[in-house]
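Participant: Quick one: structure below, then a few questions.
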Amino acid sequence: MLESNNPVVKEYFRKMIGEDGVKIMANVPEGEITDEEIARLSDTKLTSVRKVLYTLYENRIAEYRTERDDNSGWITYLWSFNRDNVKKIMEEEAEGGLKDLRSKLEYERKGVFYQCKCQRVLFEEAIEKDFWCDECESNFEHFDNGDLIKELEERIEEIEKWKKKIRRG
Ligand SMILES: [Zn+2]
10 MLESNNPVVK EYFRKMIGED GVKIMANVPE GEITDEEIAR LSDTKLTSVR KVLYTLYENR
70 IAEYRTERDD NSGWITYLWS FNRDNVKKIM EEEAEGGLKD LRSKLEYERK GVFYQCKCQR
130 VLFEEAIEKD FWCDECESNF EHFDNGDLIK ELEERIEEIE KWKKKIRRG
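Below you can see the structure in the form of structure tokens.
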């Protein structure tokens, strides 16, 4: 029931719960279900099913409610799944990644960097230290961050493409 026709969503899901997890979830029908039933339907060990369920729970795709049997006192966990949350989570992840990368990119674009053998510092700090690092006792040399900027730009582009694909299908 958690299957998607969208290849990006499929791939994300596979990464989250693994190939075995995908197989387990493939047999789960709509509505509420216990972990034992899922194990029976997919012919898998209960421990494997629980592992997948907790991963889905952590990712807010699975939720459960409990029912207590008045006679035996036994508690049953009834699981249900929210498929729409997969895309929401993916979009949140993309947004978070983009925000982080964009602020890194801005920092790299704005700054002029110097490096010694042990660290990379901004020009302002290098000049303050007279271009000499006391910690590793070497000179601060100009650091060309062109490759780093290119790499950040490429990663941003990749995530933007990924984000567009989430909405499809
Ligand atoms: Zn140093």
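Using the numbering used here, you'd call the opening residue of the sequence shown number 10 and step up by one each time.
Ideal placement from N, C-alpha and C gives every residue a C-beta, glycine not left out.
Could you give the first and the last residue of the continuous beta strand (DSSP E) run that contains phenylalanine 122?
Facilitator: Start and end: 122 to 124.
Participant: Ligand 1 heavy atoms versus the CB of lysine 126: any closer than 7 Å?
Facilitator: Because some heavy atom of ligand 1 lies under 7 Å away, the Cβ of lysine 126 counts as near it: yes.
Participant: When DSSP labels each residue in this structure, what does threonine 56 get in the three-state scheme?
Facilitator: Here threonine 56 sits in helix by DSSP.
Participant: I'd like to confirm something about glutamate 134: is its beta-carbon nearer than 7 Å to some heavy atom of ligand 1, or not?
Facilitator: Not under cutoff, so the answer is no.
Participant: On the DSSP bridge assignment, give the partners of serine 89 in chain order.
Facilitator: Note: serine 89 sits in a beta bridge opposite Glu72.
Participant: Any idea if leucine 65 is buried or exposed, counting beta-carbon neighbours within 10 angstroms, 16 or more meaning buried?
Facilitator: Buried, by the Cβ-count rule.
Participant: From the DSSP output, which residues share a beta bridge with arginine 111?
Facilitator: BP columns for arginine 111 are empty, so no partner.
Participant: I need the straight-line Cα distance from glutamate 144 to cysteine 125, nearest angstrom please.
Facilitator: So the alpha carbons of these two residues sit roughly 9 Å apart.
Participant: Does the distance between the C-beta of glutamate 104 and the nearest non-hydrogen atom of ligand 1 fall short of 7 Å?
Facilitator: The answer is no for glutamate 104.
Participant: Near lysine 96, which residues of its chain fall below 6 Å by C-beta distance, leaving aside the five closest residues on each side in sequence?
Facilitator: Counting only Cβ-Cβ distances below 6 Å, and skipping sequence neighbours, we find Ile175.
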